[in-house]
Amino acid sequence: MKTQSSLRKIILDTDPGGDDIFAFLWLLSLVKQGLAELVAVTSVDGNVGARSTFSSASQILGLTGFQHIEVGRSFPLQKEVVSDAAHIHGADGMGNLSHTLPPATHRFAEARYSDEVIIDQLNALPGEITLVAIGPLTNLAAAEAKSPGILKKAREIVIMAGAFQCPGNISPHAEFNIFYNPEAAQIVFDSRDDIVVMPLDVTRHLILTPDMAQSVTQTNPDSQLAQFLIALCEFMIGTALSYRETGGIPGFLVHDAATLGYLFYPETLMLRRANVRVETKGEWTRGQTLIDYRRSAKVNANAWVALQVDKIGFFTSFLADLKVLFRTDAHRSANAHGSPH
Ligand code: BDR
Ligand code: CA
């Protein structure tokens, strides 16, 4: 029997993004199963611009029957040197498929800013909310700048970001979410001593294939959600192959889903305690994330960094949970958790 305090209350900070959408759907399936509560979605400028990430978040909520959940809007980031990732995720961040879905029901012009939503929710429920951040850390940093100490009021902060013992994906040394706003990332790492990080070191092993997507949607393949998911998967595989992200395997990396893997299936990840620093100045290394591997005493650890993942365990749980979204008896299936199906 779950108590109120063990049910994780989550704010999802996201910049949809193909892999954001898969993470988002995983979270919604956990909510449907009574395993989590989604308090709000705070959209952020990143993979594509602020308006597009806001409207994608709204469309996903509408498509899955969660349109009552608040969506925060973000400021566009004023940095000429950084380009978005529309070349990976499509011009709308949804594999150019947004026109196939019901239109957004939330209004950008009337929405609260994402940093305000974060501040208000953390003040209202100190110590209870988990922040899951799967885009650039602009909103979290803005909340901390406006209300110093606010991020300490989160129960925990889990982010997809960084590259430690592997190459970057936006530059030789930097991962996209950090590279897009390194100053914001450093503010978040300075805000508390237990930031949980899912970097490319683990997410580069998380290749979702067409067979997996088919297995998820097979119980209801004609539904709008199934058709969208299969088409998005196809689009993402096209760009993943052209940018050589999967070692030639037809599939794509579900980076952002690692955060939910950590929260709900922590046995699938191995983490290392570390002090993470972000390079904000380097000409060639801007956005690089660094930890000290020397055998000297570490007195300033600020993070838990995942460096290994059990990908079979991860996909077993991820796919089984996603299937719940395609069942008509989604609520009843919560009770079948752990039984053969
Ligand atoms: C991260 O960058 C984005 O393009 C993805 O959505 C993910 O959050 C991976 O580096
Ligand atoms: Ca993302």
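If you read the sequence shown in my numbering, its first letter stands for residue 870, the second for the next number, and so on.
For every residue, glycine included, the Cβ atom is placed at its ideal position computed from N, Cα and C.
Quick caveat: nothing in here was measured; it's all calculated off a predicted structure.
Non-local beta-carbon contacts of VAL986 in its own chain, meaning distances under 6 Å to residues more than five positions away in sequence, involve ALA909, THR911, GLY941 in chain order. Taking all protein chains shown into account, ARG1073 has 16 or more neighbouring C-beta atoms within 10 Å of its C-beta and is therefore buried. Taken from the Cβ of ILE1003, at least one heavy atom of ligand 1 lies inside 7 Å. For GLU1044, the Cβ falls inside the 7 Å cut-off from some heavy atom of ligand 1. A residue is called buried once 16 or more other Cβ atoms fall within 10 Å of its Cβ, and GLY1037 is buried on that count. Secondary structure note for VAL917: it is in no alpha helix (DSSP H), with a DSSP letter that is neither H nor E.
Relative to the non-hydrogen atoms of ligand 1, the Cβ of GLY964 never comes closer than 7 Å to any of them. Residue pairing for GLY1037: DSSP places it in no beta bridge. It is roughly 8 Å from the alpha-carbon of GLN990 to the alpha-carbon of ILE998. Annotation for ILE938 indicates a beta carbon at 7 Å or more from all heavy atoms of ligand 1.
A distance criterion of 7 Å places the beta-carbon of ILE1064 beyond contact range of ligand 1, judged by its closest non-hydrogen atom. Taken in chain order, the whole alpha helix (DSSP H) runs of length 4 or more contained in the region 1144–1186 number zero. In the three-state reduction of the DSSP assignment, GLU1025 falls in the strand class, which pools E and B. Contact check for ILE1019 against ASN1171 fails: the beta carbons are separated by 8 Å or more. Setting aside the 5 residues that flank it on each side, GLU1114 is surrounded in the same chain by LEU1122, each with a C-beta closer than 6 Å to its C-beta; the list follows chain order. With fewer than 16 neighbouring CB atoms inside 10 Å of its own CB, ASP1080 falls in the exposed class. Beta bridge pairing from DSSP links GLU939 with ALA909. Taking C-alpha positions only, ASP1070 is separated from ALA1127 by approximately 11 Å. The alpha-carbon separation between LEU1098 and LYS1192 amounts to approximately 12 Å. DSSP, reduced to helix, strand and coil, places THR1137 within a helical segment of the structure shown. With a threshold of 16 other beta carbon atoms within 10 Å, ARG877 meets it and is buried. Going by DSSP, ALA1109 is part of the alpha helix (DSSP H) stretching over 1093–1111.
One alpha carbon belongs to PRO1090, the other to SER1084, and they sit about 10 Å apart. The residue from PHE944, LEU930, LEU1075, ILE1160 with its alpha-carbon nearest to that of PRO1119 is LEU1075. Minimum Cα-Cα distance from PHE1133 among the listed residues GLY1004, GLU906, ALA919 corresponds to GLU906. DSSP places ILE1064 inside the beta strand (DSSP E), whose first and last residues are 1064–1067. By the Cβ-count criterion, LYS1022 is buried, with 16 or more other Cβ atoms from all chains shown falling within 10 Å of its own Cβ.
For THR999, the pairing in a beta bridge is given by DSSP as ILE879, GLU1025. Rounded to whole angstroms, GLN1157 and ALA1109 show a C-alpha spacing of 22 Å.
Contact annotation: TYR1162 and VAL1027 have beta-carbon atoms that are not nearer than 8 Å. The residue from VAL900, VAL1174, ILE957, LEU894 with its alpha-carbon nearest to that of LEU1140 is VAL1174. Boundaries cannot be given for ALA960, as no alpha helix (DSSP H) includes it and DSSP labels it neither H nor E. Per DSSP, TYR1131 has no beta-bridge partner at all.
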